[in-house]
Amino acid sequence: MTNKIIKFGIIGCGLMGREFASSIGRWCHLTDSKAKPEIIAICDKNETLYPWYTDNFSSITQCTDDYHDLLSNPDIEAIYCAVPHNLHKDIYIDIINAGKHLLGEKPFGIDMEANNAILQAASKNPEVIIRSSSEFPYYPAVQNIYQQLQNDDFGDIIEVEAGFLHSSDMDPNKTINWKRMIEFNGEYGCMGDLGLHVFHLPLRLGWKPTSVFAQLSNLIPTRDNGKGEQVPCETWDNSTLHCNVDVNGKSFPLTGKMFRMAPGETDTWYINILGTKKSVRYSTKQPKTLWTMNYEPGKPQCWQYEDLGYAGLFPCITGHIFEFGFTDSILQMWASFVDELAGGDANGFPCASLQETNQSHSIFTAALKSQKNNSVESINYETV
Ligand SMILES: NC(=O)c1ccc[n+]([C@@H]2O[C@H](COP(=O)([O-])OP(=O)(O)OC[C@H]3O[C@@H](n4cnc5c(N)ncnc54)[C@H](O)[C@@H]3O)[C@@H](O)[C@H]2O)c1
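Going by my numbering, the first residue of the sequence shown is number 263, and it counts up by one from there.
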């Protein structure tokens, strides 16, 4: 443990800005951190959000509605940026060009063109560390799956299904907001919101889909605008991407589901990996329970479960028999980013890379084409 402090600014103080700040508030949870983040500046167009931050963090000395003020603050080393998707391109590029390290929110650009522009800025500033937020791989069971896939023989992969399901748009009377408007959220709709969560682990494992057939649904095409008027709600609510993956000369299907209208689901991230010798299943519905099956000819085919408890990538004060949850995954993700800023290797699992965001954009761009043409589309991973 060192006393090194890394001074942060936050741009976008809404839902996710507060999650980050709260993680910093309980940094003492981590027992072996190379550095500690400190929030010294915040920026949001909505000034009513400032008091929650300034009441809880006495280290904040700058509140502004112009993000350029943070970029010209020489004390700020790193920035967390959590703003609507239409702003990612310009703000992320300005942060990178200002030489500040960046943890940005997915999808890292509203579309492929924006993502490529961010990558171009990054290539001109190689000293800046840039990562995308994606917290679900930091659940202990998901880390366990990642390790098993590195170390164990799964045989040939038969099939993979991964998904992120929630029901936040089930209510047809819910008022429209930026996440349901193409102008701010993008053509990807639910894929831009939920897609990196689904594809992050497969991409980290080297499972880059070669083709996709997409089924996208806009189930609620109009919503109330808050003034009693129905306005178009054109973003995709749900998407199912039927992908093909080639590994070692063999192919397997990978199905990715991103649902904003999944009855009964709150924030369910899951992955099922079936192999000829070994299989695993995990869902945040049962956040500590990992299911595994080893197949041996002639032996019973039995799924076993293990309750993993609190076994994060970065050690914490929490006893190992206690449960792990969403806010813990956010803390672990931040521990990973801060470890890299302090010169570490993120304990072997850095946050999502720029290349991984770019690969996810390739998948979503091909998925839009597939939906439009009712076709199977090849996925092109050429970058700028
Ligand atoms: N990792 C996750 O689990 C997760 C969950 C939800 C959202 N997100 C992502 O986080 C990002 C933000 O989503 P959110 O849910 O926090 O949205 P939000 O609407 O709660 O917050 C966005 C904030 O950005 C502010 N803002 C808008 N324009 C600005 C500008 N020019 N300068 C400064 N601030 C500005 C808004 O006033 C608002 O407070 C999105 O990219 C979204 O995809 C990630």
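C-beta atoms are modelled at their ideal positions from N, C-alpha and C, and glycine is treated no differently.
Nothing here was measured: the structure is a model prediction, and the numbers come from that model.
Specify, as a first and last residue, the run of the beta strand (DSSP E) that residue i falls within.
{"i": "THR627", "result": "No beta strand (DSSP E) contains THR627, which is instead part of the alpha helix (DSSP H) from 616 to 635."}
{"i": "CYS505", "result": "500 to 509"}
{"i": "SER473", "result": "471 to 479"}
{"i": "LEU516", "result": "512 to 521"}
{"i": "GLY366", "result": "363 to 366"}
{"i": "CYS343", "result": "340 to 343"}
{"i": "GLN548", "result": "Per DSSP, GLN548 belongs to no beta strand (DSSP E) and is neither H nor E."}
{"i": "TRP531", "result": "530 to 537"}
Nearest to residue i by CA position, among the options, is which residue?
{"i": "CYS564", "options": "ILE322, GLY571, THR554, CYS495", "result": "THR554"}
{"i": "SER622", "options": "PHE370, ILE353, HIS504, THR530", "result": "PHE370"}
{"i": "LYS540", "options": "LEU365, GLY606, GLN410, TYR312", "result": "GLN410"}
{"i": "ALA383", "options": "ASP356, ASP373, VAL404, LEU365", "result": "ASP356"}
{"i": "ASP294", "options": "THR619, ILE641, VAL600", "result": "VAL600"}
{"i": "ASP306", "options": "HIS330, ASN348, ILE273", "result": "ILE273"}
{"i": "TYR567", "options": "GLY587, PHE586, SER545, THR580", "result": "SER545"}
{"i": "LYS269", "options": "GLU300, ASN447, ASN500", "result": "GLU300"}
{"i": "ASP486", "options": "GLU449, TRP440, LYS470", "result": "TRP440"}
{"i": "PHE416", "options": "GLN617, TRP596, GLU558, GLY271", "result": "GLU558"}
{"i": "THR528", "options": "PHE514, SER513, LYS547, GLY511", "result": "LYS547"}
{"i": "MET453", "options": "THR619, MET278, SER284, ASN636", "result": "THR619"}
{"i": "GLY490", "options": "TRP531, GLY526, ASP455, THR437", "result": "THR437"}
{"i": "LEU349", "options": "GLU367, GLY279, GLY451", "result": "GLU367"}
{"i": "ALA344", "options": "MET374, GLU423, ASP455, PRO388", "result": "ASP455"}
In the DSSP assignment, the alpha helix (DSSP H) including residue i goes from what residue to what residue?
{"i": "GLU445", "result": "444 to 447"}
{"i": "SER334", "result": "Element bounds for SER334: n/a, residue is neither H nor E."}
{"i": "MET453", "result": "452 to 466"}
{"i": "LEU552", "result": "Where LEU552 is concerned, there is no enclosing alpha helix (DSSP H), although the beta strand (DSSP E) it sits in stretches over 551 to 556."}
Rounding to the nearest angstrom, what Cα-Cα distance links residue i and residue j in this structure?
{"i": "TYR400", "j": "GLY574", "result": "7 Å"}
{"i": "THR538", "j": "ASN406", "result": "19 Å"}
{"i": "ALA340", "j": "SER394", "result": "13 Å"}
{"i": "ALA376", "j": "LYS351", "result": "5 Å"}
{"i": "GLY457", "j": "PRO612", "result": "18 Å"}
{"i": "ASP327", "j": "GLU281", "result": "20 Å"}
{"i": "HIS291", "j": "CYS578", "result": "5 Å"}
{"i": "THR551", "j": "HIS504", "result": "27 Å"}
{"i": "THR517", "j": "ASP331", "result": "44 Å"}
{"i": "THR310", "j": "LEU630", "result": "37 Å"}
{"i": "ILE535", "j": "PRO464", "result": "10 Å"}
{"i": "ASN308", "j": "PHE426", "result": "30 Å"}
{"i": "GLN477", "j": "PRO434", "result": "21 Å"}
{"i": "PRO494", "j": "THR484", "result": "4 Å"}
{"i": "TYR315", "j": "CYS275", "result": "9 Å"}
{"i": "PRO471", "j": "GLU602", "result": "28 Å"}
{"i": "TRP596", "j": "ALA614", "result": "12 Å"}
{"i": "ARG543", "j": "ASP317", "result": "42 Å"}
Answer yes or no: do residue i and residue j have a C-beta to C-beta separation smaller than 9 Å?
{"i": "VAL460", "j": "MET520", "result": "yes"}
{"i": "ALA403", "j": "PRO549", "result": "yes"}
{"i": "THR497", "j": "MET432", "result": "no"}
{"i": "ALA303", "j": "CYS325", "result": "yes"}
{"i": "VAL509", "j": "PRO515", "result": "no"}
{"i": "TYR354", "j": "ILE322", "result": "no"}
{"i": "HIS347", "j": "GLY271", "result": "no"}
{"i": "PHE319", "j": "ILE267", "result": "no"}
{"i": "SER473", "j": "GLU639", "result": "yes"}
Following a CB-centred definition, is residue i positioned closer than 8 Å to any heavy atom of ligand 2?
{"i": "GLY425", "result": "As presented, the structure is devoid of ligand 2, carrying ligand 1 as its sole ligands."}
task: Just list the beta strand (DSSP E) runs in the region 296 to 327, keeping only unbroken ones of 3 residues or longer that don't cross its boundaries, in chain order.
output: 298 to 305, 324 to 326
message: To test your reading of the DSSP string, which unbroken alpha helix (DSSP H) runs of 4 or more residues are found completely within the region 343 to 400?
response: 350 to 359, 374 to 385
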